[in-house]
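**Q** Protein chains in written order, with this note's numbering: chain A, 978 to 1388; chain B, 978 to 1388. Cβ atoms here follow ideal geometry from the backbone N, Cα and C, with glycine treated the same way. Here it is, the structure in full.
Protein chains: 2
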Amino acid sequence: MTLPASRAECEAWDARDPLAPVRARFQLKSGLIYMDGNSLGALTHDSAARARAMIEDEWGNDLIRSWNVHGWFDLPHRLGAKIAPLIGATADEVLVADSTSVNLFKLASAAMMNRGARHRIVTESGNFPSDIYVLQGLAALSGAAIEIIAVPRTEVIDCIDESTFLVVLTHVHYKTAELFDLPAITRRAHASGARILWDLSHSVGALELDLHASRADFAIGCTYKYLNGGPGAPAFLYVRRDLQDQVQPGLAAWMGHAAPFDFTDDYDPAPGMARHRSGTPSMIAFAALEGALGVWDDIDLRDVRRKSVELSELFIGCVEALGSPEILLASPRAAARRGSHIAFSHPRGYELMQALIARGVIGDFRAPDIIRFALTPLYLRYVDVWDAVTILGEVLLSHDRTELLRRNAVT
Amino acid sequence: MTLPASRAECEAWDARDPLAPVRARFQLKSGLIYMDGNSLGALTHDSAARARAMIEDEWGNDLIRSWNVHGWFDLPHRLGAKIAPLIGATADEVLVADSTSVNLFKLASAAMMNRGARHRIVTESGNFPSDIYVLQGLAALSGAAIEIIAVPRTEVIDCIDESTFLVVLTHVHYKTAELFDLPAITRRAHASGARILWDLSHSVGALELDLHASRADFAIGCTYKYLNGGPGAPAFLYVRRDLQDQVQPGLAAWMGHAAPFDFTDDYDPAPGMARHRSGTPSMIAFAALEGALGVWDDIDLRDVRRKSVELSELFIGCVEALGSPEILLASPRAAARRGSHIAFSHPRGYELMQALIARGVIGDFRAPDIIRFALTPLYLRYVDVWDAVTILGEVLLSHDRTELLRRNAVT
């Protein structure tokens, strides 16, 4: 792949980018290069408008009747159906509800109750830890001798055995963006008779995904990163169609009942995904997400992935060209093994990121020495990447000079 | 209590009502008498404005930095501190998080893990069923021989025994508004060595509550009824200060960790209420609630309860004066035994409520024959109650006439 070699060439690439018009759907402050979309996606105009209509018209004017007249009750399913094509699922396999952690709890508890004689959950150590905390809480609660095997990612495959009932993995690593081979590991889990649950928080909206083709059992994911649903936006969960009626969440509440308005004392799980609804969800949070998901209607994920790779390669190439000795790529070098953000290590990563933010380049820092940058194809331009690395170069130069002076002063 | 005896007298009562000015803080469509605030409270202007600022300024402009610069991270505690005085708790005893059902799960699972040799949960049958579904799910998950004793409310006290580790009760009944004697039953639970958890969903913002005085262990509640936090607004949970460090939720996630940004693999619960934070919550939903809670700053709950009782007595008195034979009070007649809504039974309750709604009086129907009306002192006027019952009288008269004609035609 030959990438742009000058700012002017970046402009030319932007001019012929099929995703370029999508940028206008976002509210983006001028002068800011926002590269933290892997943590919180930017606001779309549609999201703001939809939330406002929900609050002022639906809640404000139509009040309680909105549950029927504005279809609030079915919104968790309608939003699930909008996410389905982004992960290679059918509309009746995805539900929007609660947070990613709560959804993991529901599905892992369901798998636990179906575990038979197996007692192990296999997962990755050093992953974003909410998932492992959820599993630890669940194991403590069960009272049974559930064993959680948390190992470095390279050892995961070898730990899946006949005692494993569930494998829980995050597809794209939150820090390094390294990808697991989703189809291969799913096959490996199935070969041992284990179920697999994929956390797609850093994948959805950034990569092409095909849960159906891989026959993945369960998935969860968040909507506030590449889907731009808003801070703490409601999460989604997926259960493969043929498993849905075998799987009952340990966290069950009224909206997941087969007949929620009968108000009977005995829990009878609703068919399909509806049983994973729990309490009453925030319609305002749902509305913001609904607005954001509308943007995806006309978008081809192949364009998104292609541009994500190009932006990432441009970013890495430009950083390498800076020739600064202390900034090291902490993500895989091969694009095929990376998600849509890039991590570098730098001994003074924290100060570096603070300096970048002060200059209008927003990424983030993860202890002890990692700086992360998201390449979000819907609203980031080639020229933004060029400018971001130019600023990074200036910041590094100033840093290197200060370091040199400091060292000379010391010696 | 001598209540207004004419519409003009109602107007006079409104003129001297200390809560009258609060009505202007709500967006209320003219011509509508909204009596479903026990299900979904009305929109305040502050709620709409705060949500808009959250979306357009904080998320839209400041993006990820808002977690720090706008204090998003601590918002669950700040909102908890605002709810605390409404339930007789201290600021560090209340947290806003998730839904009422999920919060019940957290606290009931914590109690279950501390149950020692006890194995029973005592609760009420025929209550709003989400609470019992949560307990049933938890029992199934535990794998242990947890017994859920669900009995009619009059039998609850006698079922609390030395094998009971937890009593779960809803303070105000969702259908009839009948009150449990919170201090007395709390004492009874403690006398047997059991913990007690109160669901305050239909109480908070409608009644004076003093959890501290009663030494209640746990409480949960929703914020979309009398607190007007918006459809599906985030819920709250309370743990008495001296119990907080003994209680660990079975549903644990990253925001409840002692050092959430260390991203370590082992769950270490945060001190105090913070351990009950789970995944990342919707800041937009929180903002709408924050706006709504601001209204309570200047309000004395004694005024709220006094007016609630007056509006309820006026409503019941006027309905009794209609002399319609088929509409029967399904709530306790004594105000001291009632919350802030009133239920009546009527053989054709569903049709009756539809006719009322068509005439602009919004209450709701609960199968098989209950119609419910909420008396919300912050935005309902004495004159609204007068007008609502006048319309109810017209609807009943028309109904009774139709019934008479129908019967005559049949015979």
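Is the segment 1023-1031 of chain A close to the segment 1158-1175 of chain A, with three or more CB pairs under 8 Å?
**A** no
**Q** Answer yes if the segment 1226-1246 of chain B comes into contact with the segment 1011-1023 of chain B, meaning at least three C-beta pairs across the two stretches below 8 Å, and no otherwise.
**A** no
**Q** Using a Cβ-Cβ cut-off of 8 Å, state whether A:Thr1077 counts as contacting chain B.
**A** Yes, contact with chain B.
**Q** In whole angstroms, give me the CA-to-CA distance for B:Gly1170 and B:Phe1142.
**A** 7 Å
**Q** Extract the residue ranges of the beta strand (DSSP E) inside the segment 1245-1329 of chain B, only unbroken runs of 3 or more that lie entirely within it.
**A** Taking only runs of at least 3 residues, the beta strand (DSSP E) segments lying wholly in the segment 1245-1329 of chain B are 1318-1322.
**Q** Could you compute how far the alpha carbon of B:Ser1180 sits from the alpha carbon of B:Ala1154?
**A** 9 Å
**Q** When the distance is taken between beta carbons, is A:Ser1259 closer than 8 Å to A:Ala1074?
**A** Against a cut-off of 8 Å, the Cβ pair of A:Ser1259 and A:Ala1074 comes out as no contact.
**Q** Quick test of the definition: if touching needs 3 or more C-beta pairs under 8 Å, does the segment 1354-1372 of chain A touch the segment 1272-1289 of chain B?
**A** no
**Q** With the cut-off set at 8 Å, would you say A:Ser1119 and B:Ser1043 are in Cβ contact?
**A** no
**Q** What did DSSP end up calling B:Ala1212 once you bin it into helix, strand or coil?
**A** strand
**Q** Give me the DSSP bridge partner(s) of B:Glu1101.
**A** In DSSP, B:Glu1101 forms a bridge with B:Val1128.
**Q** Near A:Leu1329, which residues of its chain fall below 7 Å by C-beta distance, leaving aside the five closest residues on each side in sequence?
**A** His1323, Ile1348, Val1372 and His1376
**Q** Given that a residue counts as buried once 16 or more other Cβ atoms are within 10 Å of its Cβ, and exposed if not, what is B:Phe1238?
**A** exposed
**Q** Can you give the Cα-Cα distance for B:Ile1339 and B:Trp1363, rounded to whole angstroms?
**A** 14 Å
**Q** Rounded to the nearest angstrom, what separates A:Leu1072 and A:Phe1213 at their Cα positions?
**A** Taking the straight line joining both Cα atoms gives about 6 Å.
**Q** On the criterion of 16 or more Cβ atoms from any shown chain inside 10 Å, does A:Leu921 qualify as buried, or is it exposed?
**A** With chain A covering 978 to 1388 only, the question about residue 921 of chain A has no answer from this structure.
**Q** Starting from the beta carbon of A:Met1090, find every residue of chain B whose beta carbon is closer than 8 Å, and list them in chain order.
**A** Ala1117 and Leu1118
**Q** Quick check: what's the CA-CA separation for A:Phe1240 versus A:Tyr1359?
**A** 56 Å
**Q** Establish whether the CB of B:Gln1113 and some CB of chain A are separated by less than 8 Å.
**A** yes
**Q** With a threshold of 16 other CB atoms inside 10 Å of the CB of B:Gln1223, please say whether the residue is buried or exposed.
**A** exposed
**Q** List, in chain order, every chain E residue whose beta-carbon is nearer than 7 Å to that of A:Asn1038.
**A** As a matter of chain content, chain E is missing from the structure shown, whose protein chains are A and B.
**Q** Using CA atoms only, rank isn't needed, just tell me which of B:Val1145, B:Gly1209, B:Thr1257 and B:Ile1293 is closest to A:Ala1264.
**A** B:Gly1209
**Q** Using a Cβ-Cβ cutoff of less than 7 Å, which residues in the same chain neighbour A:Arg1282 once the five nearest sequence positions on both sides are dropped?
**A** Closer than 7 Å at Cβ, skipping near neighbours: Leu1184 and Glu1185.
**Q** Buried or exposed for A:Asp1219, going by 16 or more other Cβ atoms inside 10 Å?
**A** exposed
**Q** I'd like to know whether the C-beta of A:Ala1262 is nearer than 8 Å to at least one C-beta of chain B.
**A** Under the 8 Å criterion on CB atoms, A:Ala1262 is classed as interfacial with respect to chain B.
**Q** Residues of the segment 992-1025 of chain B with a CB closer than 7 Å to any CB of chain A: list them in chain order, please.
**A** Gln1004, Lys1006, Tyr1011, Asp1013, Ser1016, Leu1017, Ala1019, Leu1020 and Ala1025
**Q** Answer yes or no: does any C-beta atom of chain A fall closer than 8 Å to that of B:Asp1242?
**A** yes
**Q** Can a CB atom of chain A be found closer than 8 Å to the CB of B:Pro1396?
**A** Absent from the structure is residue 1396 of chain B, since the part of chain B shown begins at 978 and ends at 1388.
**Q** For A:Thr1131, does the count of other Cβ atoms within 10 angstroms reach 16, so buried, or fall short, so exposed?
**A** Counting the other Cβ atoms within 10 Å of the Cβ of A:Thr1131 gives fewer than 16, which makes it exposed.
**Q** Counting only beta-carbon separations shorter than 8 Å, does B:His1234 have a partner in chain A?
**A** yes
**Q** Cutting at 6 Å between CB atoms, please list the residues of its own chain near A:Arg1092, excluding the five before and the five after it.
**A** Phe1142
**Q** Only counting the same chain, and skipping five residues up and downstream in sequence, which positions put a Cβ closer than 7 Å to that of A:Ser1076?
**A** Ala1212
**Q** Less than 8 Å between the C-beta atoms of A:Glu1287 and A:Leu980, yes or no?
**A** yes
**Q** When we look at the beta-carbon of A:Met1250 and count the other beta-carbons within 10 Å, is it buried (16 or more) or exposed?
**A** buried
**Q** Using beta carbons (cut-off 8 Å, strictly below), is A:Pro1354 in contact with chain B?
**A** no
**Q** Give me, in chain order, the residues of the same chain whose beta-carbon lies closer than 7 Å to that of A:Gly1294; leave out the 5 immediate sequence neighbours on both sides.
**A** Within the same chain, A:Gly1294 has close Cβ partners Leu980.
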